[in-house]
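Novice: Position 54 (the sequence shown) corresponds to 286 in the working numbering; numbering is contiguous. Glycine included, every Cβ here is placed at the ideal spot set by N, Cα and C.
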Amino acid sequence: MSAFTLSPQLSAYPELKLSNSRSAGLFVEAMQLIRRYEETSSRDLLESAAAVLKKCMAASPQDALPRFYFGITQSALGDMNQEIAIPVFKEFSRSKEFPLRAAATYNLAAAYVETYDSALFREGIHLLDDLLKELREKGVPLGQNERVRGLRERFGGNHRIRIEQLYYQSEETRDYFHIHLHVWRPRWDYRIEQIETAAYHALKKLATRRGRIHKHERFLGPQRAEIWAWHWNNVGSVHEVLAALAKRTGNRHAAINEAQLAEDAYYRAVDQVPSFGSSLPNLGRMKLEILGDVDGAVEIFQKVAAGVEDTTYAHFCLGQLYTIKRQPIMALEHFLKAPDITKPEKMTPDWAGARRFVARELKKWCQREAALGLFTELANEFPADEALRHEVEDLRSAGS
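Right, here's the structure in full:
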């Protein structure tokens, strides 16, 4: 969850002033709960913060700042459903006050991250491109010496604000969108050479930025850890893709090496921000798809499902995992908790449909034996189904 302000005195802006002492007191209480949530990842604390912000909005409906932070809480609590948060951030992204407009634009893009919607990911890239351009135009030049900035402000009337925190966060989030669309999503389907080229290009770009972030680290303030979490999550995603490509070519040694690099990067992200939403689910998915470590993946996704962010995706993956473990009640229970992903066109909501869906996924992930086991089981139960029989024959011939 990211609440970028760019200025410690947002409430000094006319549009953001709190109108009375009751509203101000409730807002401070909500901010304290949000800070505690960031330290503990406790869903109860985040829900309490949202409840206090609701009281704050009721006390002063005209105040903008409580509505903005209420949108942030709803973005984190909403998981894939961002129907409350997105309109809030769109409203504030049109603000006349640059710090609020910039913060809202970033948070709108961050809300798009939660949706897993390709069209919104593409829109997020355009939003962040425009934001990065505006930050360069209206902010202090990246890395400018603080003494120089102070002199220009004092004698030249230049009151620009530092932008390093939001700039690097926006760059990393933009890369997340790009990697997801052009590297991660097609990892099992597109031409290997094409994806591999894009993956190595992404790693090179990330390595260059890593040097710049290190250089400007002293300007990153409280967002330092989250910027690094986004960065290492991006690095892990690319290595996970390279592991998938190696697996597709049958190079098990390279797949394991790349998987280890991905795991190291994901854990570096978690070490920076334990509440960071993406890295643990990504690690669980890699254990499922690349390593076939079912028990290890179950352990991770159970933790994610019990948390705040990415819970829908965790239930979807647990549905797949319990299908592999032949536990129909558990599998279907988790699939039902992920209706945004397990749509009827993907999978019929029954045990046969779940096994057929997961068997196809296992085949795609080059896990031939596991896929063959499920398809054989289904073919024995439904002997008249020619498609199932062909799947069994194809997998057996591929292994001979």
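#1: Please work out which residues of its chain come closer than 6 Å, Cβ to Cβ, to L435, disregarding the five sequence neighbours upstream and downstream, and give them in chain order.
#2: What's the C-alpha gap between L493 and A486?
#3: Could you tell me the distance, in whole angstroms, from the CA atom of E609 to the CA atom of G524?
#4: Return helix, strand or coil for M562, following the three-state DSSP convention.
#5: According to DSSP, simplified to helix, strand and coil, what is F508?
#6: Are the segment 310 to 319 and the segment 273 to 284 touching, with three or more C-beta to C-beta distances below 8 Å?
#7: Assuming F533 is part of the alpha helix (DSSP H), what are its boundary residues?
#8: Beta-carbon within less than 7 Å of L340's beta-carbon, same chain only, minus the 5 sequence neighbours each way: which residues are those?
#9: Under the rule that 16 or more other beta-carbon atoms within 10 Å means buried, what is S251, buried or exposed?
#10: Can you have a look at E458 and say buried or exposed, based on whether 16 or more other CB atoms are within 10 angstroms of its CB?
#11: With a Cβ-Cβ cutoff of 7 Å, do F330 and E396 count as a contact?
#12: For E577, count neighbouring Cβ atoms within 10 angstroms of its own Cβ and tell me buried if that reaches 16, exposed if not.
#13: Any idea what DSSP makes of H448, helix, strand or coil?
#14: Measure the beta-carbon distance from L477 to R423 and round it to whole angstroms, keeping in mind my assumption that it falls under 8 Å.
#15: For S292, which residues from the same chain have a beta carbon less than 8 Å from its beta carbon, with the 5 sequence-adjacent residues on both sides left out?
#16: Relative to the alpha-carbon of F614, which residue among G631, R592, G585, D572 has its alpha-carbon at the smallest distance?
#17: Looking only at its own chain, which residues have a Cβ that is under 8 Å from the Cβ of V624, when we skip the five neighbours before and after it?
#18: What is the rounded straight-line gap between the Cα of L332 and the Cα of E472?
#19: DSSP three-state call for N483: helix, strand or coil?
#20: Note down, in chain order, each residue of its chain lying with its Cβ closer than 7 Å to the Cβ of G631, except the 5 sequence neighbours on either side.
#21: Name the two residues that bound the continuous alpha helix (DSSP H) containing Q306.
#22: Around the Cβ of R588, are there at least 16 other Cβ atoms within 10 angstroms (buried) or fewer (exposed)?
#23: Give the straight-line distance between the Cα atoms of D617 and D276, rounded to the nearest whole angstrom.
#24: So, with DSSP's three-state summary, where would you put Y545?
#25: In terms of residues, what are the limits of the alpha helix (DSSP H) holding T580?
#26: Short of 6 Å in beta carbon distance, which residues of its chain neighbour D542, apart from the five on each side in sequence? Order them along the chain.
#27: I need the boundaries of the alpha helix (DSSP H) containing V624, first residue and last residue.
Specialist: In short, the structure shows the following:
#1: Hits under 6 Å: V470.
#2: The straight-line gap from Cα to Cα measures roughly 11 Å.
#3: Each residue's Cα considered, the two are about 19 Å apart.
#4: In the structure shown, the three-state DSSP call for M562 is helix.
#5: Coil, per DSSP.
#6: Here the segment 310 to 319 makes no contact with the segment 273 to 284; the two share fewer than three CB pairs at distances below 8 Å.
#7: Its alpha helix (DSSP H) spans residues 526 to 537.
#8: Excluding residues within five positions, the ones whose Cβ falls inside 7 Å are I318, F321, K322, S325, L359.
#9: Per the 10 Å Cβ criterion, exposed.
#10: E458 is buried by the Cβ-count criterion.
#11: Not a contact, by the Cβ cut-off of 7 Å.
#12: The residue is exposed, with fewer than 16 neighbouring Cβ atoms inside 10 Å.
#13: If DSSP states are grouped into helix, strand and coil, H448 belongs with coil.
#14: Between R423 and L477 the Cβ distance is about 10 Å, and since that is not below 8 Å, they are no contact.
#15: Excluding the 5 residues flanking it on each side, S292 has same chain C-beta neighbours closer than 8 Å at L250, S251, N252, R254, S255, P298, in chain order.
#16: Nearest C-alpha to F614: G585.
#17: Only residues of its own chain outside the window of five on either side were considered, and among them L604, F607, T608, A611 have a CB closer than 8 Å to the CB of V624, listed in chain order.
#18: Roughly 36 Å separates the two Cα atoms.
#19: If DSSP states are grouped into helix, strand and coil, N483 belongs with coil.
#20: Excluding positions up to five away in sequence, the list reads R600.
#21: Taken as a continuous stretch (DSSP letters only), the alpha helix (DSSP H) holding Q306 covers 296 to 309.
#22: Around the CB of R588, 16 or more other CB atoms lie within 10 Å, so the residue is classed as buried.
#23: Cα-Cα distance, rounded: 49 Å.
#24: Residue state for Y545 is assigned as helix, using DSSP reduced to three classes.
#25: Bounds of any alpha helix (DSSP H) do not take in T580, whose DSSP letter is neither H nor E.
#26: Only G509, P513, V536 meet the Cβ criterion.
#27: Counting along the chain, V624 sits inside the alpha helix (DSSP H) bounded by residues 618 to 631.
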